[in-house]
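Undergrad: The structure is given below, and queries will be raised subsequently.
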Amino acid sequence: MGAGAVAAGHASRALASEGEGDPAILKMPEHTRGLGRPVAENPYGQPSKWEANLQRRQSPGLTRVPQASVSFTPLQGLFGMITPSGLHFERHHQGWWDIDPSQHRLMVHGLVKRSRVFTMDDLMRLPSVSRIHFIECGANSAPEWGNVALPTVQYTHGMVSCSEFTGVRLSTLLEMCGVDKKLGKFVLAEGADGSSMTRTIDMERAMEDCIVAWAMNGEMLRPENGYPLRLVVPGIQGVSWVKYLRRLEVGDQKWASKDEAVHYIDLMPDGTHRQYTGIQECKSVITTPSGGQMLLDKGYYNVSGLAWSGRGSIKRVDVSVDGGRNWRTARLEGPVLDKALTRFNIDWVWDGQPAILQSRAIDSTGYVQPKINQLRAVRGTRSIYHQNAIQSWKVAENGEVSNVQVY
Amino acid sequence: MGAGAVAAGHASRALASEGEGDPAILKMPEHTRGLGRPVAENPYGQPSKWEANLQRRQSPGLTRVPQASVSFTPLQGLFGMITPSGLHFERHHQGWWDIDPSQHRLMVHGLVKRSRVFTMDDLMRLPSVSRIHFIECGANSAPEWGNVALPTVQYTHGMVSCSEFTGVRLSTLLEMCGVDKKLGKFVLAEGADGSSMTRTIDMERAMEDCIVAWAMNGEMLRPENGYPLRLVVPGIQGVSWVKYLRRLEVGDQKWASKDEAVHYIDLMPDGTHRQYTGIQECKSVITTPSGGQMLLDKGYYNVSGLAWSGRGSIKRVDVSVDGGRNWRTARLEGPVLDKALTRFNIDWVWDGQPAILQSRAIDSTGYVQPKINQLRAVRGTRSIYHQNAIQSWKVAENGEVSNVQVY
Amino acid sequence: SQLALAQSQPWHEVGREATPAEIKAWDIDVRPDFKGLPKGEGSVALGEKVWEAQCASCHGSFGESNEVFTPIVGGTTKADIERGRVKNLEPGNTFPQRTTLMKVATVSTLWDYINRAMPWNAPKTLKTEEVYGVLAYILHLGDIVPADFTLSDQNIAEVQKRMPNRNGMVFHEPLWKASGKGDAKNVACMKDCPTEAQVRSSLPDFARDAHGNIQEQNRVVGPVRGADTTKPPPK
Amino acid sequence: SQLALAQSQPWHEVGREATPAEIKAWDIDVRPDFKGLPKGEGSVALGEKVWEAQCASCHGSFGESNEVFTPIVGGTTKADIERGRVKNLEPGNTFPQRTTLMKVATVSTLWDYINRAMPWNAPKTLKTEEVYGVLAYILHLGDIVPADFTLSDQNIAEVQKRMPNRNGMVFHEPLWKASGKGDAKNVACMKDCPTEAQVRSSLPDFARDAHGNIQEQNRVVGPVRGADTTKPPPK
Ligand code: HEC
Ligand code: HEC
Ligand SMILES: [Ca+2]
Ligand SMILES: [Ca+2]
Ligand SMILES: [Ca+2]
Ligand SMILES: [Ca+2]
Ligand SMILES: [Ca+2]
Ligand SMILES: [Ca+2]
Ligand SMILES: [Co+2]
Ligand SMILES: [Co+2]
């Protein structure tokens, strides 16, 4: 998996002093007695070497080739609402590229008065907006429609990230081109990579809050996330956020592209598929403590997690420590934004007994995140996409946390 | 300066098609005809190679040794409000370290009922908050109290960054230790590095919004920014945001530490120094276009910049293109947060004539960012710190932008 | 008017008109109504040659390979072709895979996708007749067209009428529009809520370290550590 | 009570009591009122030895070096010591540097800082008497104490009364408290505002590429490029 992992058992925890006191205090460390390293040694900075365990990882067996695959964000070790760009999840269908931005073009055509070509120079001159939004793969949590399959939150929920995006509103571009507002009901977005990913966006949404973005978290997009241009479709599954965006066509029908007609379709119990189910509905997950982690001790914990909704903002998150019988409302860390991750925190005192932790988010439309059995009652267990059920983590007596389903 | 710079003159701009059309469109690029790179090739992702020009840089001659120095954030190429952590400015007094977090301790003592020691394990268990705040070095823009000295916004304003910080509120820690609220008027914060930076924080502020933070932009702090623990003192100059935080002492007097008694003191025209001037007052700067940049063409531009205030949030930003005679109000990109950077944007059509661009921020207290002559009228030209004057950029007829003072 | 635009949207002139040749070069998508489909044709025989040379290494000679991707062909029947619904998708059926032909409702999707993205390692290198041909071959493997068939822009609409799952798609608007309502219902009960007592599913033992040792995927400090999953799970 | 705390602040017991030895090990700060100053003494003569061995390489034999940092000594006079204000900080004076002794009001600051941070490449290695001594030597270089002086915790308060800039500090509360008001005043004029016509200061020609070629410090695309500052500035 690349970078070397740092091994450290929980035995290494240095809690109490012995005798006179803690050697880490009484014996001055090298860094208190020496001269450190110069500024700009890293012109572009890196995380601490002690953080090497937190990295993007593949889920073995999930896909067969690494260029049509996924790497997952290590949510178990992250904080706040912003996802570090270096740990943003990846989903490629035909590999990623580092495209020369001076050679990249965006074409807008179809049901418009004037078809237009834009260079990056052109686009970056246009009136821009900056917005914080989550992006979630439609297949996030997919392996668990039926039974528990995955050990940690990195693999169960790690295809979601949240970043500040900067770009020009899609509506600005469409208006510049004289979009036909009567006949033009849909926009096709197409990428420049080998897969030339194509996705249909409905016009209402296109005119509302989509962004043709070049920047993510203050700098240009990362190559893995579509450098130099990506469509941001707030609230909609990641596959619609077309990377390496090169073309926008306005049309009067949906396109039924491969990833709208063979994948990203949801198999229902009756054998039909729901097509064009883009919305990422309200969802939440506790990230600390979560599957595969060990509580070090009884006593107080700050239980922390993330909540989001593709239909608006998070209104409330409740947390249960008894498998859903009783709930308390968590603190939300602001700013609580539209279609953005929201960090929640709640106090918990662990008495050393087995416990089952769950979080349940409610969004601004009043929708309550469902239990897995409630989802299954409508959609069965085979629909792959849009699995937004309440996640349960079981805490064993020895402090180990594991993935379970309870409802 | 480390990474190799990418050379590209503005001559390389590919604007128009010739004949049939643009070869970048008619000739399919390699990335449209091939298979790209696998997921998790970079377990921790990096910016595009095309972005190598944007890096932290030193200002030659500013300091004499690189471990007691500064590297500046390339604001001329950034977007939105979040600063990428890899480009966060650096200010070290005795070099930076990558400290083993399992050996790091925080001690709280002095006028408290119980002196306490915390491991990182302990701290990270405590109730945490996540907040987006700017940090600005008190000496940002210092070289320009008198005359123009620096070519670009990286060097004039590049000691400001904005990140999401996660940690435990300082008030939580102080309350746990039974802080003496009557006698305890100040808190000393001390770092674990060689300089063991010490700064006095007043109790009112300590109890209000300070954070003992371990995370920045979703991951642990970077080593250059104090891994594994840093004090966040919203609105106050960066030197008070003690890195490698190891000790908090509650006391009844200010400490007059070296960086409160020899530096970070403001020389006034009468020869006295103002001591303990921590607040970073309301300030703004246009980042695009800015010094050292070339406009490629006449016509429309989205003039973009940043505004912030150590006393609250940004209420309004006005922009002038005629050296301050006439002003228009810019759009603010939300969320507009307390003591955080706020991105502003405004439309401008350049007619090819010389122009002088300025921005002027107003904060929630009603304070209006001053002109440099208004600042000088009170403080003279020798006070080094807290230079928050309106910045002027001159656009020459050939499109080149340069740093000037006009008032 | 242009003048009014120049004032209210002064960025209106940024960019430039696309040339017809440029639009032609990039406007490659093919829609379900076959808008965008170039004129042309290709036989099953030609397709078989293309397939063996350029596709079979990944997808298997009969589109059945599971090596690089789920199989393209398989799981459909004559009855499905009649009905336009694939029986193997219905409850109770145990066909092990969901192949492409079982799912896809629109033949245009395949034409478009093969043309834009296949072969995977050399996308957009097929000639138009090769795309017709190889698609004809795939359709033939699924018994949708006969061995001597030549697929063309003229007859593709007829072929569409034989797609095994052509009636299998439902447009569920509430999950397309932001203003829609979710289909699953929960209530925000706070106290003594109805729950089943027992754990209904737990991580299978074999999955415990199938993703590596989780200890090495967690921070070395903090309120928790990664569990050493090389050791057996707790009771 | 503890019970109430345990309920309202259940995290109250996280962490542990610090031991006296631990506090002693880390509580090294020395305040202006000399709280924290350890007992001890050191002579100018001892200090000179320490200085020559461990400080002069960076700060110069007389604390005058500009090599790694602004000079520590210089710019103060007997009259300053009398008055407690440094003349060279006042308007009209042209002393080229602001040395440490010109600025610092509190002798505790120097004791504390030398003890915690110097020598720069080996901080916290000086013995207490060495800190007293080397500080005595610095003060002697500034004519604040005589050559035969021994600085100690007993007489340091007397020395404080001779610090050349001891009356030079002003506490300006509005820039310490978030609730304070700024001292510079501007108004948010929007139209025909009073301005001077001409540019009052421009980037000097020598500064144009003193930071390297700015072209290489800007993105290769976007609304602007970096100017090639190896070429002369525009007229
Ligand atoms: C080097 C391997 C490789 C070769 C050669 C190749 N393919 Fe593929 N094919 C793939 C992969 C991998 C995918 C899945 C891509 C993705 O995840 O989007 C795929 C997907 C497909 C699909 C869509 C299947 C689905 O259910 O999504 C079709 C149809 C297809 N290929 C046809 C072809 C044809 C026709 C050729 C030859 C002209 C070809 N392939 C050559 C690897 C290959
Ligand atoms: C290897 C170089 C080096 C050595 C040796 C060294 N210093 Fe320093 N000294 C510095 C630097 C660099 C600074 C500025 C540090 C900063 O920016 O915070 C400094 C700062 C100081 C200051 C504060 C000056 C001011 O105005 O901030 C004093 C006092 C001082 N040194 C005294 C000493 C003494 C006493 C010794 C020997 C015991 C010593 N130094 C040895 C490099 C050195
Ligand atoms: Ca797919
Ligand atoms: Ca300093
Ligand atoms: Ca143009
Ligand atoms: Ca088309
Ligand atoms: Ca404890
Ligand atoms: Ca003390
Ligand atoms: Co969907
Ligand atoms: Co100050």
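Protein chains in written order, with the working numbering: chain A, 19 to 425; chain B, 19 to 425; chain C, 13 to 247; chain D, 13 to 247.
Backbone N, C-alpha and C fix where the C-beta goes; we use that ideal spot for every residue, glycine too.
Alpha carbon to alpha carbon, what distance is there between V143 of chain D and T88 of chain D?
TA: Your numbering for residue 88 of chain D matches position 76 in the fourth sequence. Your numbering for residue 143 of chain D matches position 131 in the fourth sequence. Using only the alpha carbons, I get a separation of about 22 Å.
Undergrad: At a Cβ threshold of 8 Å, is I43 of chain A touching chain D?
TA: Within the first sequence, residue 43 of chain A is the residue found at index 25, counting from 1. Interface residue, yes.
Undergrad: Under 7 Å: does the beta carbon of G209 of chain B sit that close to some heavy atom of ligand 8?
TA: For the purposes of this step, residue 209 of chain B is taken as the residue at position 191 of the second sequence. Not so, every heavy atom of ligand 8 lies at least 7 Å from the Cβ.
Undergrad: Using a Cβ-Cβ cut-off of 8 Å, state whether A373 of chain B counts as contacting chain A.
TA: Here residue 373 of chain B corresponds to residue number 355 of the second sequence, with the count starting at 1. Cβ-Cβ to chain A under 8 Å: no for A373 of chain B.
Undergrad: Let me know the secondary structure DSSP gives C180 of chain B once reduced to three states.
TA: Here residue 180 of chain B is taken as the residue at index 162 of the second sequence, counted from 1. Note: C180 of chain B maps to strand in three-state DSSP.
Undergrad: Residue range of the alpha helix (DSSP H) that N127 of chain C falls in?
TA: For this step, residue 127 of chain C is matched to residue 115 along the third sequence. Here the alpha helix (DSSP H) through N127 of chain C covers 119-129.
Undergrad: Would you verify that the beta carbon of G95 of chain A is, or is not, closer than 8 Å to some beta carbon of chain C?
TA: Position 77 of the first sequence holds residue 95 of chain A. It does; some Cβ of chain C falls within 8 Å.
Undergrad: Here's the rule I'm using: 16 or more other beta-carbon atoms within 10 Å means buried, otherwise exposed. How should K247 of chain D be labelled?
TA: Numbered from its first residue, the fourth sequence carries residue 247 of chain D at position 235. Flag for K247 of chain D reads exposed.
Undergrad: Determine the extent of the beta strand (DSSP E) in which T106 of chain C is found, giving its start and end residues.
TA: On the third sequence, residue 106 of chain C is found 94 positions in, with the first residue counted as 1. First-last for T106 of chain C: undefined, no H or E at that position.
Undergrad: Report the CB separation of S148 of chain A from T101 of chain A in whole angstroms; it is logged as a contact under 8 Å.
TA: As a working mapping, residue 148 of chain A is identified with position 130 in the first sequence. As a working mapping, residue 101 of chain A is identified with position 83 in the first sequence. Not confirmed; about 16 Å, so no contact.
Undergrad: Does any C-beta atom of chain B lie closer than 8 Å to the C-beta of A32 of chain A?
TA: The residue labelled residue 32 of chain A in the question sits at position 14 within the first sequence. Confidence in A32 of chain A is poor, its pLDDT being 45 and thus under 50, which makes the residue's placement unreliable; the coordinate value appears in the next sentence. Cβ-Cβ to chain B under 8 Å: yes for A32 of chain A.
Undergrad: Under 8 Å between C-beta atoms, does I283 of chain A make it to chain C?
TA: On the first sequence, position 265 is the one that residue 283 of chain A refers to. Output row for I283 of chain A: interface = yes.
Undergrad: Once you ignore the five residues that flank Q409 of chain B on each side, which residues in its own chain have a CB closer than 6 Å to its CB?
TA: Here residue 409 of chain B refers to the residue found at position 391 when the second sequence is read from its first residue. Result list for Q409 of chain B: V303, in chain order.
Undergrad: From this set, D:N167, D:V211, D:D240, which residue's C-alpha is nearest E228 of chain D's C-alpha?
TA: As a working note, residue 228 of chain D is residue 216 in the fourth sequence. Out of D:N167, D:V211, D:D240, D:D240 has the C-alpha closest to the C-alpha of E228 of chain D.
Undergrad: Which residue's Cα is closest to the Cα of V135 of chain A: C:G27, C:L15, C:P22?
TA: Your numbering for residue 135 of chain A matches position 117 in the first sequence. If we check each option's Cα against that of V135 of chain A, C:G27 comes out closest.
Undergrad: Is the stretch 288-306 of chain B touching the stretch 319-331 of chain B in the sense that three or more CB pairs, one from each, lie closer than 8 Å?
TA: The stretch 319-331 of chain B vs the stretch 288-306 of chain B: in contact.
Undergrad: Just the C-alpha distance for V85 of chain C and Q109 of chain C, rounded to the nearest angstrom, thanks.
TA: For the purposes of this step, residue 85 of chain C is taken as residue 73 along the third sequence, with counting starting at 1. For the purposes of this step, residue 109 of chain C is taken as residue 97 along the third sequence, with counting starting at 1. Approximately 10 Å between the Cα atoms of the pair.
Undergrad: With a threshold of 8 Å, are at least 3 pairs of Cβ atoms found where one atom belongs to the stretch 270-286 of chain B and the other to the stretch 373-382 of chain B?
TA: With a cut-off of 8 Å, the stretch 373-382 of chain B and the stretch 270-286 of chain B do not count as touching, because too few Cβ pairs lie within range.
Undergrad: Does DSSP put H103 of chain B in a helix, in a strand, or in coil?
TA: Translated into positions along the second sequence, residue 103 of chain B becomes position 85. His is not the amino acid found at residue 103 of chain B; the sequence shown has Ser there. DSSP places S103 of chain B in helix when its eight states are reduced to three.
Undergrad: Does any C-beta atom of chain D lie closer than 8 Å to the C-beta of D40 of chain A?
TA: Against the first sequence, residue 40 of chain A aligns to sequence position 22. Chain D, which has a Cβ nearer than 8 Å to the Cβ of D40 of chain A, makes this yes.
Undergrad: Looking at the secondary structure, which residues open and close the beta strand (DSSP E) in which W38 of chain C lies?
TA: In the third sequence, counting from the first residue as 1, residue 38 of chain C sits at position 26. Note, W38 of chain C: premise wrong, no beta strand (DSSP E); alpha helix (DSSP H) at 32-38.
Undergrad: Applying the 10 Å Cβ sphere with the 16-neighbour rule, what's the burial state of S181 of chain B?
TA: Within the second sequence, the letter at position 163 stands for residue 181 of chain B. When all chains shown are included, S181 of chain B counts as buried.
Undergrad: May I ask you to list, following chain order, the residues of the stretch 219-243 of chain C that have a beta carbon less than 9 Å from some beta carbon of chain A?
TA: Answer set for the stretch 219-243 of chain C: A219, R220, D221, A222, H223, G224, N225, I226, Q227, E228, Q229, N230, R231, V232, V233, G234, P235, V236, R237, G238, A239, D240, T241.
Undergrad: Might you give, ordered along the chain, the residues of its own chain that have their beta carbon closer than 6 Å to the beta carbon of L72 of chain A, omitting 5 neighbours on each side?
TA: In the first sequence, the residue the question calls residue 72 of chain A occupies position 54. Here the set comprises P92, G95.
Undergrad: For L163 of chain C and E94 of chain C, which I take to be in contact (beta-carbon distance under 8 Å), what is that distance rounded to the nearest angstrom?
TA: Counting from 1 along the third sequence, the entry for residue 163 of chain C is found at position 151. Counting from 1 along the third sequence, the entry for residue 94 of chain C is found at position 82. 20 Å between Cβ atoms; not a contact.
Undergrad: Ordered along the chain, which non-local residues of its own chain (more than five positions away) have a Cβ less than 6 Å from that of V424 of chain A?
TA: Your numbering for residue 424 of chain A matches position 406 in the first sequence. The residues are G341, I374, S410.
Undergrad: Taking just the CA atoms, how far does R51 of chain A sit from T137 of chain D?
TA: Position 125 of the fourth sequence holds residue 137 of chain D. Position 33 of the first sequence holds residue 51 of chain A. The straight-line gap from Cα to Cα measures roughly 7 Å.
Undergrad: Since L53 of chain A meets chain D, which of its residues come closer than 7 Å, beta carbon to beta carbon?
TA: Taking the first sequence and counting its residues from 1, the one referred to as residue 53 of chain A is at position 35. Result: W132, N133.
Undergrad: As a quick exercise: from C:D160, C:P216, C:H152, pick the residue whose alpha carbon is nearest that of S73 of chain C.
TA: Along the third sequence, one-based indexing puts residue 73 of chain C at 61. Of C:D160, C:P216, C:H152, the residue nearest in Cα terms is C:H152.
Undergrad: Give a yes or no on whether 8 Å exceeds the smallest Cβ distance from Y173 of chain B to chain C.
TA: Locating residue 173 of chain B in the second sequence gives position 155, where the first residue counts as 1. Output row for Y173 of chain B: interface = no.
Undergrad: Measuring straight from C-alpha to C-alpha, what distance separates L314 of chain A and N225 of chain C?
TA: On the first sequence, position 296 is the one that residue 314 of chain A refers to. On the third sequence, position 213 is the one that residue 225 of chain C refers to. Using only the alpha carbons, I get a separation of about 18 Å.
Undergrad: Using a Cβ-Cβ cut-off of 8 Å, state whether V80 of chain C counts as contacting chain A.
TA: Here residue 80 of chain C refers to the residue found at position 68 when the third sequence is read from its first residue. Closer than 8 Å: yes.
Undergrad: Could you please give me the residues that DSSP links to W114 of chain B through a beta bridge?
TA: Taking the second sequence and counting its residues from 1, the one referred to as residue 114 of chain B is at position 96. Answer is A:R55, bridged to W114 of chain B.
Undergrad: Using a strict less-than 6 Å threshold between each residue's beta carbon and the heavy atoms of ligand 6, what residues do you get?
TA: After applying the 6 Å Cβ criterion, the set is A:E267, C:D39, C:D41, C:G48.
Undergrad: In this structure, how does DSSP classify E60 of chain D when only helix, strand and coil are distinguished?
TA: As a working note, residue 60 of chain D is residue 48 in the fourth sequence. E60 of chain D: helix per DSSP, three-state reduction.
Undergrad: Measuring alpha carbon to alpha carbon, tell me which of D:I168, D:P32, D:R43, D:A134 ends up nearest E48 of chain A.
TA: Taking the first sequence and counting its residues from 1, the one referred to as residue 48 of chain A is at position 30. Considering only alpha carbons, the answer is D:A134.
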